[in-house]
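Engineer: At position 117 of the sequence shown (counting the first as 1) the number is 147 in the numbering used here, and the numbers step up by one without a gap.
First the structure, which I've put down as structure tokens, then a few questions once you've had a look.
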Amino acid sequence: KLPDFKTLATVKSKEYKGSRANELRIDDTTSEISIALRSDHGASAINLGYLTHPRPSGGQPRGEGFELRTDRHGAVRAGAGLLITTEPRPNESKHHKDLPETAERLATASDQQDGFATQAKELQAQEAGDQDDVAKALHAQHQGVLGSGPANLTANEFPEFTEPHLVLASPAGIALTTPRSSHIATGEHLALSSTGHTSFSIGKRLLASASRGMRLFVQSMGWRLVAA
């Protein structure tokens with residue numbers, strides 16, 4: 031049937047002494063161009079552009095953009111750092127590590143941590159080495175993500191990611207969910223920063239254990255603890 035579909039071009043191989051195949055498919059249908067690299071092993075594929083089922087089977091639309099999928103395991107590995115973001119860059123208008131909005135939000139959050147740490151120490155709610163150490167670590171992390179100095183276009187080098195950080199960013203929000211357990215493990219500090227409320231809704235008990243004390247600082251409007 032392929033000759034009847036003049037907008038399609040394929041390169042396809044067949045498994046030696048088997049029935050499976052590997053395929054590169056290029057679809058130049060008007061206003062619906064796409065390219066797919068597929069392997070029958072694990073139904074693994076990279077689909078780019080206007081996503082459809084194969085045209086000879088009807089070409090039912092499946093979305094737009096890209097899809098990397100497999101029925102087996104997957105891994106994304108970047109030894110020098112990785113940015114996953116939904117901040118738009120229409121028509122590749124910036125270099126691929128460009129993240130000024132993300133860096134600005136991280137800077138605002140670390141400054142907030144630093145400001146509250148300073149006030150808490152001044153009022154003796156915290157000691158040196160408490161939240162101020164967290165703020166220092168956040169400032170250092172921010173610099174490792176943002177980098178310093180100008181871009182070197184001749185060498186195709188850009189300043190971001192002087193350390194191999196993983197950065198997730200979105201202007202709309204980030205949602206994480208699982209029907210099982212979640213675990214965040216860090217060998218140093220864990221910092222949560224919000225310019226609005228921070229809310230915990232817990233179905234059973236709130237359990238907190240600290241090996242070297244707890245420090246709570248409220249800047250204004252007091253502290254309220256009510257048991258129903």
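For glycine and all other residues, C-beta sits at the position ideal for the given N, C-alpha and C.
Only a predicted model underlies this, so the values are computations on that prediction, with no experimental measurement involved.
#1: Specify the secondary structure class of Asn52 as computed by DSSP and reduced to three states.
#2: Pick out whichever of Arg99, Arg102, Leu237 and Gly79 has its Cα sitting closest to the Cα of Pro91.
#3: Do Glu117 and Pro201 have their C-beta atoms closer together than 9 Å?
#4: Where are the alpha helix (DSSP H) runs, 4 residues long or more, that stay fully inside the stretch 92 to 177, in chain order?
#5: Take the Cβ of Gln249 as the centre, count every other Cβ of all protein chains shown within 10 Å, and call the residue buried at 16 or more, exposed below.
#6: Closest to Leu136 by C-alpha separation, out of Ser239, Leu222 and Thr37, would be which residue?
#7: Go to Thr40, then tell me how far its beta strand (DSSP E) extends in each direction, as first and last residue.
#8: Can you give the Cα-Cα distance for Leu196 and Lys47, rounded to whole angstroms?
#9: Roughly how many angstroms lie between the CA atoms of Glu134 and His169, to the nearest whole one?
#10: Does the Cβ of Phe230 have 16 or more other Cβ atoms within 10 Å, making it buried, or fewer, making it exposed?
#11: Tell me which residue opens and which closes the beta strand (DSSP E) that Thr82 is part of.
#12: Over the uninterrupted beta strand (DSSP E) stretch that includes Arg68, give me the two end residues.
#13: Quick one: Cα of Leu220 to Cα of Asp141, how far?
#14: Mind reading off the beta-carbon distance from Ala199 to Leu129? Whole number of angstroms is fine, and I expect it under 8 Å.
#15: Spatial neighbours of Ala75 within its chain, please: C-beta separation below 8 Å, excluding the five flanking residues on both sides.
#16: Using 8 Å for Cβ pairs, my map puts Pro194 next to Gly111. What's the rounded Cβ distance?
#17: Closest to Thr82 by CA distance: which of Arg55, Arg102 and Asn121 is it?
#18: Hey, quick one: how far does the beta strand (DSSP E) through Val248 stretch, first residue to last?
#19: In whole angstroms, what is the alpha-carbon distance linking Phe191 and Ile204?
#20: From the DSSP output, which residues share a beta bridge with Glu187?
Structural biologist: Per the coordinate set shown:
#1: For this step, residue 52 is matched to residue 22 along the sequence shown. Three-state DSSP puts Asn52 in a strand.
#2: Taking the first residue of the sequence shown as 1, we reach residue 91 at position 61. Taking only the C-alpha atoms, the option nearest Pro91 is Gly79.
#3: Sequence index remark: in the sequence shown, residue 117 carries index 87 (1-based). Sequence index remark: in the sequence shown, residue 201 carries index 171 (1-based). Yes, the pair counts as a contact, with Cβ atoms nearer than the cut-off.
#4: As far as the stretch 92 to 177 is concerned, its whole alpha helix (DSSP H) runs of at least 4 residues are 130 to 152 and 161 to 176.
#5: As a first step, residue 249 is located in the sequence shown; it is residue number 219 there, counting from the start. That one is exposed.
#6: Looking up residue 136 in the sequence shown gives position 106. It is Leu222 whose Cα lies nearest to the Cα of Leu136.
#7: Here residue 40 refers to the residue found at position 10 when the sequence shown is read from its first residue. Secondary structure note for Thr40: its beta strand (DSSP E) is the uninterrupted segment Leu38 to Lys44.
#8: As a working mapping, residue 196 is identified with position 166 in the sequence shown. As a working mapping, residue 47 is identified with position 17 in the sequence shown. Approximately 43 Å, taken between the alpha carbons.
#9: Locating residue 134 in the sequence shown gives position 104, counting from the first residue. Locating residue 169 in the sequence shown gives position 139, counting from the first residue. Straight-line Cα distance between these residues: approximately 12 Å.
#10: The count along the sequence shown starts at 1 and reaches residue 230 at position 200. Classification for Phe230: exposed.
#11: Translated into positions along the sequence shown, residue 82 becomes position 52. For Thr82, the enclosing beta strand (DSSP E) starts and ends at Ser74 to Thr82.
#12: Sequence index remark: in the sequence shown, residue 68 carries index 38 (1-based). Counting along the chain, the beta strand (DSSP E) containing Arg68 begins and ends at Ser64 to Ser69.
#13: For the purposes of this step, residue 220 is identified with residue 190 of the sequence shown, where counting begins at 1. For the purposes of this step, residue 141 is identified with residue 111 of the sequence shown, where counting begins at 1. The alpha-carbon atoms of Leu220 and Asp141 are separated by roughly 16 Å.
#14: For the purposes of this step, residue 199 is identified with residue 169 of the sequence shown, where counting begins at 1. For the purposes of this step, residue 129 is identified with residue 99 of the sequence shown, where counting begins at 1. Right, their Cβ atoms sit about 7 Å apart.
#15: Taking the first residue of the sequence shown as position 1, residue 75 is located at position 45. Cβ within range, chain order: Ala66, Leu67, Arg68, Ser69, Glu97, Leu98, Arg99 and Thr100.
#16: Working through the sequence shown from its first residue, we reach residue 194 at position 164. Working through the sequence shown from its first residue, we reach residue 111 at position 81. That belief holds up - the Cβ atoms of Pro194 and Gly111 are roughly 5 Å apart, short of 8 Å.
#17: Residue numbering aside, residue 82 sits at position 52 when the sequence shown is read from its first letter. Among Arg55, Arg102 and Asn121, the Cα nearest to that of Thr82 belongs to Arg55.
#18: In the sequence shown, the residue the question calls residue 248 occupies position 218. Note, Val248: premise wrong, no beta strand (DSSP E); not H, not E.
#19: Counting from 1 along the sequence shown, the entry for residue 191 is found at position 161. Counting from 1 along the sequence shown, the entry for residue 204 is found at position 174. Each residue's Cα considered, the two are about 22 Å apart.
#20: By one-based count along the sequence shown, residue 187 stands at place 157. DSSP, once it has assigned bridges, lists Asn182 as partnering Glu187.
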